[in-house]
Each structure stands twice: as C-alpha cells, then as structure tokens.
Amino acid sequence: MKSIFSPDGPLYNLAERLGNLVLLNMLYLLFCIPIVTIGPASAALRYVTLKYATNDEDRVFAPFWHSFKQNLKQGMIIGIVRTAITLFLAYDLYYILVTWRYISNNTVYDKVILVLVALACFVYILVSRYIYPMLARYDNSTRQLIRTSLVLAVRHLPATLCMTLLTAAPIVLMMYTMTSFALVLTFYVFIGFAALAYLQDKLIVRIFWQYTPKEETEKTE
Numbered sequence: 002m003k004s005i006f007s008p009d010g011p012l013y014n015l016a017e018r019l020g021n022l023v024l025l026n027m028l029y030l031l032f033c034i035p036i037v038t039i040g041p042a043s044a045a046l047r048y049v050t051l052k053y054a055t056n057d058e059d060r061v062f063a064p065f066w067h068s069f070k071q072n073l074k075q076g077m078i079i080g081i082v083r084t085a086i087t088l089f090l091a092y093d094l095y096y097i098l099v100t101w102r103y104i105s106n107n108t109v110y111d112k113v114i115l116v117l118v119a120l121a122c123f124v125y126i127l128v129s130r131y132i133y134p135m136l137a138r139y140d141n142s143t144r145q146l147i148r149t150s151l152v153l154a155v156r157h158l159p160a161t162l163c164m165t166l167l168t169a170a171p172i173v174l175m176m177y178t179m180t181s182f183a184l185v186l187t188f189y190v191f192i193g194f195a196a197l198a199y200l201q202d203k204l205i206v207r208i209f210w211q212y213t214p215k216e217e218t219e220k221t222e
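Quick note: to get the working numbering, add 1 to the position in the sequence shown (first position is 1).
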C-alpha cells in the first residue's frame with residue numbers, strides 16, 4: 002500500500018500529471034485571449050504535451066514559454082491562415098447546405114461542389130492533427146510543415162482518424178442537450194484542451210519516432 006501512495010507510486014504520478022494538465026490548460030487559454038496568438042499558444046501546448054507523452058518533462062510554464070517565444074511569428078502566421086481557411090470552408094459548407102434545403106432542383110454542378118467542399122474540409126481536418134505538433138517539435142518552413150502534415154495524415158490514416166474522432170467526440174456531445182453542453186464546456190475550461198492534446202500526442206510521438214532520426218531536426222531548449 003505504501004508503494005501505491007509513495008511519491009514514486011502510480012497514484013501520485015497520475016495526480017501530478019492531471020494537475021500539470023489543468024495548469025497547462027489554463028495557461029493555454031490565457032495565452033489565447035489575444036486571439037492572434039492562438040497559433041503560437043497551440044504550438045506551445047503541443048510542445049509540452051509531446052514532452053509529457055515521452056515523460057521528458059514535468060514542468061509547465063518554462064517549456065510552454067520557451068516554445069511560445071520560439072514559434073511566435075510562424076505560429077501567428079499559421080494561426081491566421083488556419084482561421085481564414087476555417088471560416089472560408091465553414092461559410093461554403095453552410096451556404097451549400099442552406100441552398101440544398103431550400104432549392105429542390107439541385108444540378109450536377111451543385112453536387113460536385115458539395116463533394117469538393119466536403120473533401121476539402123476532410124483533408125483540412127486531417128492535416129490539422131499534425132500542423133501544431135510539427136511546428137512545436139521541428140524547424141521547418143510553413144510550406145514544409147503543411148506538406149509534411151499532409152503526408153503524415155495520409156500515411157498514418159488509422160491513427161489520424163483516431164485523433165480526429167477523439168477531437169470531434171466532445172464537440173458532438175455538446176450538441177445533444179444543454180446539460181451535455183455545460184459539462185463539455187466545463188471540461189474544456191479546466192483540462193480539455195491539454196488532456197486531448199496529451200492523448201493525441203501519445204499517438205503522434207510514435208509516428209515522429211519513425212522519421213526524426215533520418216529526416217527532421219528536432220527543436221531544443
């Protein structure tokens with residue numbers, strides 16, 4: 002029993018990790034408040050959770066701040082681009098679905114456009130699973146980050162789909178009732194962003210290990 006509750010025991014380690022994730026989540030939300038800093042804040046979040054996933058780190062603020070400063074400019078550019086793409090695809094999808102609802106005679110052209118927009122949304126969501134972990138861990142141009150993220154998303158499609166479902170599940174759950182909405186919102190406010198990033202990065206580090214020695218240069222503190 003002593004070993005279970007000792008400083009080196011599993012319960013203590015679990016409590017410490019959960020506490021770090023709560024602090025990390027609050028730090029992430031704080032750095033996202035200016036909106037334009039969502040990109041570097043997301044990279045910093047993934048930098049820390051990638052370290053947690055490999056048990057290489059047990060701190061919160063120091064590694065987060067290091068990554069935030071290191072990726073500030075490139076992260077802001079990627080964040081702004083992602084926001085623009087998200088709004089563009091969301092508007093297109095909304096417009097098409099509304100059009101389908103009120104217009105009965107949809108042409109082949111309308112169906113092709115719907116399929117293309119849906120495909121673009123799907124690819125964008127898959128690539129998004131990797132863009133911030135790539136930014137957090139490797140020194141690459143923005144174009145190279147996007148291209149590599151796309152390659153990894155396709156090459157490791159089962160893992161990519163698992164991460165996508167993990168991200169989408171709480172969002173879908175929010176839509177059921179007001180109670181589920183409040184519960185999921187509370188989850189995100191206290192630990193959700195950090196916890197989901199940590200769980201995804203447990204998969205991502207296994208993917209990165211296959212390429213890091215040969216192809217990429219890892220960022221260091």
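Ideal Cβ placement from N, Cα and C applies to all residues, glycine included.
A quick note: this is a predicted structure, and the numbers were derived from the prediction, not measured.
DSSP places P41 inside the alpha helix (DSSP H), whose first and last residues are I39 to A54. T38 and Q71 have their alpha carbons spaced roughly 13 Å apart. V61 sits away from L15, with the two beta carbons spaced by 8 Å or more. Taking 4 residues as the shortest admissible run, the stretch 54-115 contains the following complete alpha helix (DSSP H) segments, listed from N- to C-terminal end: 62-71 and 73-103. Assignment of Y212 by DSSP, reduced to helix, strand and coil, places it in the coil class. Distances from the alpha-carbon of L24 to those of I81, T50 and S150 put T50 closest. When I205, A137, L98 and N56 are compared, the shortest CA-CA separation from R156 is found for I205.
Between M164 and L146, the C-beta gap is not smaller than 8 Å, which leaves the two residues out of contact. The straight-line gap separating the alpha-carbon atoms of F194 and T168 is approximately 9 Å. Here the alpha carbon of L153 sits roughly 33 Å from the alpha carbon of Y177.
In the three-state DSSP reduction, Y139 falls in the strand class (E or B). In this chain, F191 is not harboured by any alpha helix (DSSP H), its DSSP state being neither H nor E.
Assigned with DSSP and collapsed to three states, Y133 falls in helix. With fewer than 16 other Cβ atoms from the protein chains shown falling within 10 Å of its own Cβ, K74 counts as exposed.
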